[in-house]
Amino acid sequence: MVSRSLQLKFVFPVFAIVACTTLFLVVVISAKTSNNIEQSAQDKMQEQLSSMLHVLNVTDTLVMERVKGSMKLLKEQGQRLPAPYQGESTAVNGRMVPELLLGGQAQTNNFELVDRVTSSQGGSATLFSKVGSDFVRISTNVQFEGKRAIGTLLDPNGLPSAAIRKGQAFYGQVDILGNPYLTGYEPILDEQKRTVGIWYVGYKADMQALQESIAKSRILNGGFVALLDDKGQVRFQSQSVPLDTVQRVAANHLSGWVVKRETFSPWGFTIIAAYPEDEVSAAVKQQIIQVAAMGLALSGALMGLVFWLSRSLVVRPLNQAVSIARRIAAGDLSSAPSITSRNDEIGDLVRSLGNMQMSLRQMVGNIAGNAQGISILSSSLSSSAEEVAAQSEQQSGAAASAAAALEELSTSIGHVSVKARESFSLAQDAGDRARLGSVVVEKASAEMRNIADSVGQSSQRIASLGQHSARISIIVGVIKSIAEQTNLLALNAAIEAARAGEHGRGFAVVADEVRGLAERTAKSTVEITTMIGSIQSGTEQVVETMRQGQNRAHSGVEMASEAGHAVHEISGYSEQVVDAVNSISAALEQQNAANHEIAVNVADMAIMSEKNTFAIQQVALASRQLQASSNSLQATVDLFKL
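This is how it looks when you write it as structure tokens:
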């Protein structure tokens with residue numbers, strides 16, 4: 001088990017380290033491989049595209065120089081006096097076309113000029129005659145199905161036609177009868193500078209070398225290079241890829257491809273380089289498999305080496321040490337300690353086990369001797385502890401009885417103290433009520449004094465009111481006298497008016513009214529006099545009644561003062577009673593506290609006695625256990641072989 005576990009502890013970490021390292025290398029190498037392959041493919045595509053563009057540029061430059069030279073020669077040969085012009089219509093391969101005359105010579109079906117130019121310069125030459133808005137070939141050495149292509153129209157939608165209609169020349173690549181030509185088109189102008197035809201020279205682009213280069217080209221294993229013309233048709237392609245695949249990739253109808261394009265602007269051609277993404281993944285996968293295989297092989301080799309080294313250098317010496325430890329664990333201390341010459345940690349372990357064996361032999365011998373002495377002493381200690389425990393139990397019982405008696409005495413004192421506190425509370429409450437009554441009596445006395453003062457003031461005011469009533473009575477007498485005199489005057493006036501006859505009638509009416517008012521005033525003064533007499537009589541009675549009330553209020557004030565003195569004396573006696581009861585209660589509480597303290601001390605003594613008894617019992621029990629342990633220790637020591 002030791003051998004297996006240690007070997008696993010050595011082998012598994014090594015395997016884990018190698019596996020993690022291999023995994024890390026796989027990730028790093030796969031990423032690096034993927035980047036390298038993609039970069040290589042990108043570099044290859046750029047190289048192919050640059051090479052193709054260079055070939056096209058060189059071809060375009062060289063051929064266009066020849067085109068311009070041939071155009072110059074054609075125009076020099078054709079522009080003779082008189083200036084170019086158009087004549088009568090003539091048939092050209094079944095098509096009626098205006099005759100084009102150069103230097104006075106008809107050019108329809110006349111191939112001398114075009115053949116003379118091409119014989120010295122190569123390429124092809126053509127003369128076009130204008131028919132409406134179209135241009136028809138009337139003289140050419142361009143062959144179509146083995147015949148000269150006369151009577152055919154120039155593509156009206158092509159770039160040359162658009163340039164000529166604007167009166168401009170055109171130089172560039174043109175598809176002629178399915179073949180790419182580098183051409184030059186210039187308008188033929190008459191004396192009025194009107195376009196009557198077209199000068200044309202062209203050279204078929206020599207694409208053989210480019211075709212062979214593209215056919216042999218490839219990007220990685222499954223990629224390709226292709227050349228598309230200005231109409232999007234595939235001109236040339238790598239032989240390693242089918243045409244259908246190239247067309248679908250070029251039209252972006254096939255996913256999973258990395259595509260790069262370059263356009264050759266002078267011709268409108270496009271060069272495409274592409275490779276499948278799966279090819280990069282496959283290459284990366286193959287690289288990963290190789291690295292993983294190498295990692296597994298390395299892991300196996302390292303695990304085997306670690307297994308052998310751990311078994312030879314670690315496991316075998318440790319098994320020897322385990323054997324020594326097992327003999328010691330079994331109690332066999334009689335064998336001689338092992339001797340080893342190793343100076344490493346395992347050698348130190350074996351030597352330490354031997355030293356431990358010798359030390360244990362000495363220790364066990366000493367323990368055996370001490371165990372016998374402990375057994376004798378523990379037996380003696382157990383007997384003494386049992387005697388002390390019995391005496392402690394008796395002392396604990398006596399202390400418990402004293403504590404119970406003190407507790408009963410403390411309870412009785414507590415009841416008396418409670419009653420004293422109740423008496424103190426009642427006396428204090430009586431004192432409070434007496435003080436409160438004294439305050440109330442004093443307030444009542446003050447109020448009665450206020451009432452007496454108010455009654456005196458009211459009596460004075462009512463007496464003053466009687467005086468005012470007397471004055472009013474005098475004034476009413478004066479008013480009555482005035483009314484009587486007014487009545488007499490009115491009577492005299494009525495008499496005088498009667499004497500005046502008709503003239504004094506109005507005055508007599510007024511005199512009657514005045515007399516009537518005087519009579520009513522006299523009656524009212526009589527009534528007022530009667531009422532004032534009644535008021536004066538009532539006022540005198542009220543004044544007398546208030547004098548009596550004031551006298552009674554003074555008597556009440558004196559009685560309230562006497563009651564206040566009595567209540568004050570009661571309050572003083574109540575305070576003395578409260579002080580006495582408070583002193584009794586305080587003395588009882590002190591006595592109760594003293595008794596309680598004594599009871600607590602006695603109870604503590606009883607508890608201490610119980611604790612001492614329990615401790616001594618524990619000592620006795622420990623002594624017995626010590627004796628048993630000593631016997632067990634002796635039996636254990638007897639198991640060792642010394």
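Residue numbers (UniProt numbering): 1 to 642.
We put the CB at the ideal spot given by N, CA and C, even for glycine.
Length of the line joining the Cα atoms of residue i and residue j
i    : j    : result
P180 : D60  : 11 angstroms
V510 : A497 : 10 angstroms
A494 : K480 : 21 angstroms
Q86  : A106 : 9 angstroms
L154 : R137 : 7 angstroms
K44  : K216 : 13 angstroms
S238 : W257 : 16 angstroms
A91  : K130 : 14 angstroms
I272 : Q39  : 17 angstroms
G295 : E279 : 24 angstroms
L159 : N93  : 25 angstroms
R471 : G456 : 23 angstroms
D134 : R248 : 37 angstroms
S524 : A508 : 24 angstroms
A163 : R148 : 25 angstroms
R449 : L436 : 20 angstroms
S630 : M356 : 24 angstroms
M96  : M207 : 37 angstroms
E145 : N36  : 52 angstroms
N582 : E408 : 24 angstroms
V28  : T21  : 10 angstroms
V196 : P84  : 8 angstroms
R499 : N487 : 19 angstroms
L25  : A301 : 18 angstroms
H596 : A446 : 54 angstroms
G504 : G516 : 18 angstroms
Q48  : H253 : 23 angstroms
V514 : G506 : 13 angstroms
E65  : V259 : 34 angstroms
A209 : F128 : 33 angstroms
One or two residues paired with residue i in a DSSP bridge
i           : result
Q237        : A226
residue 645 : As displayed, the chain neither begins before 1 nor continues past 642, which places residue 645 out of reach and without an answer.
residue 654 : Nothing can be reported for residue 654, as the shown portion of the chain is limited to 1 through 642.
A274        : F224, V259
G172        : T183
S537        : In the DSSP output, where bridge partners are listed per residue, S537 has none listed.
T90         : V97
A106        : L101
F264        : F269
R148        : Q143
K204        : Y181
V131        : D134
L153        : V136
Cβ neighbours of residue i in the same chain (closer than 6 angstroms, five flanking residues each side left out)
i           : result
G103        : R80
T263        : T270
A41         : I219, L220, Y275
residue 646 : This structure gives no information on residue 646, because the portion of the chain shown stretches from 1 to 642.
Cβ neighbours of residue i in the same chain (closer than 7 angstroms, five flanking residues each side left out)
i    : result
G132 : none
S473 : T529, I532
D115 : N141
Q485 : none
8 angstroms contact criterion, which residue i and residue j should meet: CB distance rounded
i           : j    : result
T529        : A483 : With 8 angstroms as the limit, T529 and A483 do not qualify as a contact, their Cβ atoms being about 12 angstroms apart.
residue 643 : E99  : No answer is possible for residue 643: it lies beyond the span of the chain, which begins at 1 and ends at 642.
V67         : G167 : Contact doesn't hold; Cβ gap of about 20 angstroms is too wide.
Y185        : A125 : Not confirmed; about 12 angstroms, so no contact.
D73         : V117 : At residue 73 the sequence reads Leu, which differs from the Asp that was named. About 5 angstroms; that satisfies the 8 angstroms criterion.
L298        : V18  : 6 angstroms
Close Cβ partners of residue i (< 8 angstroms) along its chain, the five nearest in sequence each way excluded
i    : result
V476 : T525, I528, T529, I532
I214 : M52, V225, A226, L227, F236, Q237, S238
K231 : D175
Report task. Examine the Cβ distances between the stretch 190–197 and the stretch 220–238 and report whether three or more of them are shorter than 8 angstroms. Result -> no
Query raised in the report: Pairing CB atoms from the stretch 164–177 with CB atoms from the stretch 255–269, are three or more of them under 8 angstroms?
Result: yes
Query raised in the report: Using 8 angstroms as the Cβ pair cut-off and three pairs as the minimum, do the stretch 62–78 and the stretch 277–289 touch?
Result: no
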